[in-house]
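Visitor: In my numbering, the protein residues as written are 6 to 467.
Don't be surprised by glycine CBs; every beta carbon is placed ideally from N, CA and C.
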């Protein structure tokens, strides 16, 4: 547990530093004094641990103080029309009538200026990761209050301090991003198009959402049904989603290969990272995959409880590298979901054994339940609703998830070569997708399937 205490001290220090900036002239001598006391009384374990924790706490506070709170673009806000050149550095996010682009800027009005810009533009033409764009419009500061949501703080946590809405855009070039990510995003979109061509709607868009995290084609009515039934997490490649997928993969691999050989561990790990690759390998997906991989490794070596230490240490390292992720919902969900796998799943497995149901069903449900229960407070707090039917709806929907992932991947891969052949295989995939749609719609139609809240205090959530 020593590493847990040290990791916690660093993270709490970063959080403290975000609210109470500490002067360097006082903090550095205090760190030195704490380390000196720990060194002199190193044989006294509480003093040794306490001294190091104090030093890490203060280092965390200083680390947050070094985080930029603005960029060069901000100085051009409110100064009229500006022409900015930049590269699309994240996969574009299309909506019904608009597209969100994240640009790493190279220059503004002919001058070299670096920063990150959020651009909201029309749905068409379609832009791609790595495109070099010239955008002309007025820079704006993100709104602080967007329907009760602090949008400015949300963007600031991602290093974005400037926005531009519906500017004139000219594509100056393409292929400016790192080649590995360009290949991943290109392959992902080709698979998405193959799925859309091989499956009818809304099953095709649902397969795109579950397998690839491409949710923009899912009908709004169906997405609302997923939300009301408490199964919306199945459409987002988040920590919760990855935890559930990993739990199912682990259960299936153990059922097929047994625990005596390392095959089940290698297959689960390979399938998890293959899934992360298909999902686009965004920073949030990679963080979730790393945390879930640590849990799988802890389960493999038979020291599942020690996974807490590994997860805490990994989280501390991630936060130390980028303190802003501490406020990102995706990071918090990933951490909570993996903690649920470690702390809650064993209890649910014991309860499930009483039913004498097949182990593969018990384990799959226990892993899913552990992740869902652990993340429920966060979902309630951030999204302002709680589904009263989420657990049974998720369990029944999860029965089809492994088949959907495998068959959709198969349909997408075959569709890259031959859509007619993929459509034949797609009939089987369609059955599982239609089953999930029926489950979701059925539970969403129940009276009081979900409750919405306004202004929830974090104390009552936890």
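#1: Please report the distance separating the alpha-carbon of residue 83 from that of residue 327.
#2: Could you give the C-beta distance for residue 126 and residue 106, rounded to a whole number, given that I count them as a contact under 8 Å?
#3: With DSSP collapsed to three states, give me the class of residue 445.
#4: Can you list, in chain order, the stretches of the beta strand (DSSP E) that have 3 or more residues and sit fully within the region 349-398?
#5: Mapping DSSP to helix, strand and coil, what is residue 111?
#6: For residue 264, which of helix, strand or coil comes out of DSSP?
#7: So residue 40 packs on residue 60, CB below 8 Å; how close in whole Å?
#8: Around the C-beta of residue 238, are 16 or more other C-beta atoms found within 10 angstroms, so that it is buried, or is it exposed?
#9: Spatial neighbours of residue 289 within its chain, please: C-beta separation below 6 Å, excluding the five flanking residues on both sides.
#10: Out of 69, 38, 68 and 67, point me to the one whose CA is closest to residue 57's CA.
#11: To which residues of the same chain is residue 36 closer than 7 Å at the C-beta, ignoring the five residues directly before and after it?
#12: Taking a contact to mean a Cβ-Cβ separation below 7 Å, would you say residue 216 touches residue 176 in this structure?
#13: Let me confirm a value: residue 199 is counted as buried when at least 16 other C-beta atoms fall within 10 Å, else exposed. Which label applies?
#14: Indicate the three-state DSSP secondary structure (helix, strand or coil) for residue 95 in the structure shown.
#15: As an exercise, report each continuous alpha helix (DSSP H) stretch of at least 4 residues that is fully enclosed by the region 195-275, in chain order.
#16: In the structure shown, what three-state DSSP assignment does residue 27 receive?
#17: With three or more beta-carbon pairs closer than 8 Å as the criterion, would you say the region 335-355 touches the region 376-383?
#18: Could you have a look at residue 279 and say whether DSSP puts it in helix, strand or coil?
#19: In the structure shown, what three-state DSSP assignment does residue 315 receive?
#20: Counting C-beta neighbours from all protein chains within 10 Å, is the total for residue 92 16 or more, i.e. buried, or is it exposed?
#21: Could you pull out every residue in the same chain whose Cβ sits closer than 6 Å to the Cβ of residue 23, ignoring the five residues on either side in sequence?
#22: Spatial neighbours of residue 230 within its chain, please: CB distance less than 6 Å, with the 5 preceding and 5 following residues excluded, ordered by chain position.
#23: For a test of the three-state rule: what should DSSP assign to residue 165, helix, strand or coil?
#24: Under a Cβ-count criterion, where at least 16 other Cβ atoms within 10 Å of its own Cβ denotes burial, should residue 423 be classed as buried or exposed?
#25: Using a 10 Å radius around the Cβ and a threshold of 16 neighbouring Cβ atoms, would you call residue 465 buried or exposed?
#26: Roughly how many angstroms separate the alpha carbons of residue 101 and residue 218, rounded to a whole number?
Guide: On the basis of the coordinates in this document:
#1: Each residue's alpha carbon lies about 29 Å from the other.
#2: Right, the Cβ-Cβ distance comes to about 6 Å (below 8 Å), so this counts as a contact.
#3: In the structure shown, residue 445 sits in a helix (DSSP, three-state: H, G or I).
#4: Runs found: 390-392.
#5: Judged by DSSP in its simplified three-state form, residue 111 adopts strand.
#6: Looking at residue 264 - three-state DSSP - the assignment turns out to be coil, as it is neither helix nor strand.
#7: That belief holds up - the Cβ atoms of residue 40 and residue 60 are roughly 5 Å apart, short of 8 Å.
#8: The residue in question, residue 238, is buried, as its Cβ has 16 or more Cβ neighbours within 10 Å.
#9: Closer than 6 Å at Cβ, skipping near neighbours: 335.
#10: Ranking 69, 38, 68 and 67 by Cα distance to residue 57 puts 38 first.
#11: For residue 36, where only same-chain residues beyond five positions count, the Cβ hits under 7 Å are 60, 63 and 64.
#12: No, the pair does not count as a contact, with Cβ atoms beyond the cut-off.
#13: Per the 10 Å Cβ criterion, buried.
#14: Three-state result, residue 95: coil.
#15: When DSSP assignments are scanned along the region 195-275, the uninterrupted stretches of alpha helix (DSSP H) that are 4 or more residues long and fall wholly within it turn out to be 208-212, 225-233 and 244-262.
#16: Residue 27: coil per DSSP, three-state reduction.
#17: In short, these stretches touch, since the Cβ pair count reaches three.
#18: In this structure, residue 279 counts as helix in the three-state DSSP scheme.
#19: DSSP places residue 315 in the helix class (H, G or I) of the three-state scheme.
#20: In summary, residue 92 is buried, with 16 or more beta-carbon neighbours lying within 10 Å of its beta-carbon over all protein chains present.
#21: Taking residue 23 as the centre and dropping the five residues before and after it, the same chain places the C-beta of 69 closer than 6 Å to its C-beta, in chain order.
#22: Cβ neighbours of residue 230 beyond the five flanking positions: 445, 446 and 449.
#23: Three-state result, residue 165: coil.
#24: So residue 423 counts as exposed.
#25: With a pLDDT of 35 at residue 465, under the threshold of 50, the predicted position of this residue should be treated as unreliable, and no value is reported.
#26: Roughly 16 Å separates the two Cα atoms.
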